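First comes the structure, then the notes that go with it.
Number of protein chains: 2
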Amino acid sequence: MTRVVVDVMLKPEILDPQGEAVVNALPRLGASGVSSVRIGKRIELEFAEGTDESAMQEQATNIADKLLANPVIEDFTIRLTDQAEPTG
Amino acid sequence: MTRVVVDVMLKPEILDPQGEAVVNALPRLGASGVSSVRIGKRIELEFAEGTDESAMQEQATNIADKLLANPVIEDFTIRLTDQAEPTG
Numbered sequence: 004m005t006r007v008v009v010d011v012m013l014k015p016e017i018l019d020p021q022g023e024a025v026v027n028a029l030p031r032l033g034a035s036g037v038s039s040v041r042i043g044k045r046i047e048l049e050f051a052e053g054t055d056e057s058a059m060q061e062q063a064t065n066i067a068d069k070l071l072a073n074p075v076i077e078d079f080t081i082r083l084t085d086q087a088e089p090t091g
Numbered sequence: 004m005t006r007v008v009v010d011v012m013l014k015p016e017i018l019d020p021q022g023e024a025v026v027n028a029l030p031r032l033g034a035s036g037v038s039s040v041r042i043g044k045r046i047e048l049e050f051a052e053g054t055d056e057s058a059m060q061e062q063a064t065n066i067a068d069k070l071l072a073n074p075v076i077e078d079f080t081i082r083l084t085d086q087a088e089p090t091g
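Chains as they are written, first to last, in our numbering: chain G, 4 to 91; chain D, 4 to 91.
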C-alpha cells in the first residue's frame, strides 16, 4: 500500500503559541536543551491500489493546497512512503 | 542545526472523524482515488547546539511519551533530521 504523507507546518515567521506552551512546560519534565518547538499537522493519505505515483503526487498537492493547509500562514511538504513507518 | 521530529498519530483502531471529514470533502475537489485519510500531529523539537544525538533521542522520547502523545489512543515515532525539510 503506497501512502502519501503531507506535513503542514506554520511558516517560520508565524508565532506558534502551542509550541511555546510546550517549551515552557519542559523544565517541569526535567528536559533541558530544547530551544524551540513547532507544532504542525501530519496527514496520511491512502490511495486505492494501482494509482500511479505521479497521479498520487499531483492529487496530494492539490488536496494539500486547497483543503489541508492555509497557504497564508502554512507551508506543506509531500512525500510518498511505501508502508507505515515504524512506531516507537 | 539538528532537529528531532516527533510524529503523533492515532492508533489504527481509533476512529478519526477529522480524517473522515476530509475524505468526504474530496469529491467536491475533484480528487478521486483516496481511500483513507488519517490526521495527526508533527512536532519539531530544536535542541541547543552541541547536544549529542543519543541525548536528543532520549529526551525526545521522554517528552513525546509524557507531553506530546496520549499513549492510550496515540502512537508516536521519533527521527533526527539534519536540517529543515524542503517545502513544497
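Ideal placement from N, C-alpha and C gives every residue a C-beta, glycine not left out. From a predicted model like this one, the values you see are computed outputs, not experimental measurements.
Which one or two residues does DSSP pair with residue 41 (chain G) in a beta bridge? Residue 41 (chain G) pairs with D:47.
Under a CB-based cut-off of 7 Å, is residue 34 (chain D) close to chain G? For residue 34 (chain D), a Cβ of chain G is located within less than 7 Å of the residue's own Cβ.
Which residues in the same chain as residue 67 (chain G) place their Cβ atom closer than 8 Å to its Cβ, once the five residues preceding and following it in sequence are excluded? Once the five neighbours on either side are set aside, the close Cβ partners of residue 67 (chain G) are 9, 11, 46, 79 and 81.
Note down the Cα distance separating residue 90 (chain G) from residue 49 (chain G), rounded to an integer number of angstroms. Here the model assigns residue 90 (chain G) a pLDDT of 48, short of 50, so the residue's position is not dependable, and the following value carries that caveat. Residue 90 (chain G) and residue 49 (chain G): Cα-Cα distance of roughly 18 Å.
Would you kindly report the start and end of the unbroken alpha helix (DSSP H) that includes residue 77 (chain G)? For residue 77 (chain G), there is no enclosing alpha helix (DSSP H); the residue is part of the beta strand (DSSP E) that begins and ends at 77-84.
Could you tell me whether the Cβ of residue 48 (chain G) comes closer than 7 Å to any Cβ of chain D? So yes, residue 48 (chain G) belongs to the interface.
Considering only residues of the same chain and omitting the five flanking positions on each side of residue 17 (chain D), which have a CB-CB separation below 6 Å? If you ignore the 5 residues before and after residue 17 (chain D), its C-beta comes within less than 6 Å of the C-beta of 76, all in its own chain and listed in chain order.
Under a Cβ-count criterion, where at least 16 other Cβ atoms within 10 Å of its own Cβ denotes burial, should residue 31 (chain G) be classed as buried or exposed? Answer is exposed; the Cβ neighbour count stays below 16.
Report the residue from G:7, G:41 and G:13 whose alpha carbon sits nearest the alpha carbon of residue 72 (chain G). Checking every option, the nearest Cα to that of residue 72 (chain G) belongs to G:13.
Along chain D, in chain order, which residues have C-beta atoms closer than 9 Å to that of residue 65 (chain G)? Neighbours of residue 65 (chain G) across chain D, judged by C-beta separation under 9 Å: 32, 33 and 34.
Assuming residue 36 (chain G) and residue 54 (chain D) make a contact with CB atoms under 8 Å, what is their CB distance in whole Å? So it is a contact: roughly 5 Å between Cβ atoms.
Can you tell me which of the three DSSP states residue 10 (chain G) falls into? In this structure, residue 10 (chain G) counts as strand in the three-state DSSP scheme.
Determine the burial state of residue 33 (chain G): buried for a count of at least 16 other Cβ atoms within 10 Å of its Cβ, exposed for fewer. So residue 33 (chain G) counts as exposed.
Answer with buried or exposed for residue 19 (chain G), where buried requires no fewer than 16 other C-beta atoms within 10 angstroms of its C-beta. By the Cβ-count criterion, residue 19 (chain G) is buried, with 16 or more other Cβ atoms from all chains shown falling within 10 Å of its own Cβ.
Give the secondary structure of residue 16 (chain D) by DSSP, where H, G and I count as helix, E and B as strand, and everything else as coil. Here residue 16 (chain D) sits in coil by DSSP.
What three-state label does DSSP hand residue 34 (chain G) in the structure shown? Under the three-state reduction of DSSP, residue 34 (chain G) is assigned to coil, being neither helix nor strand.
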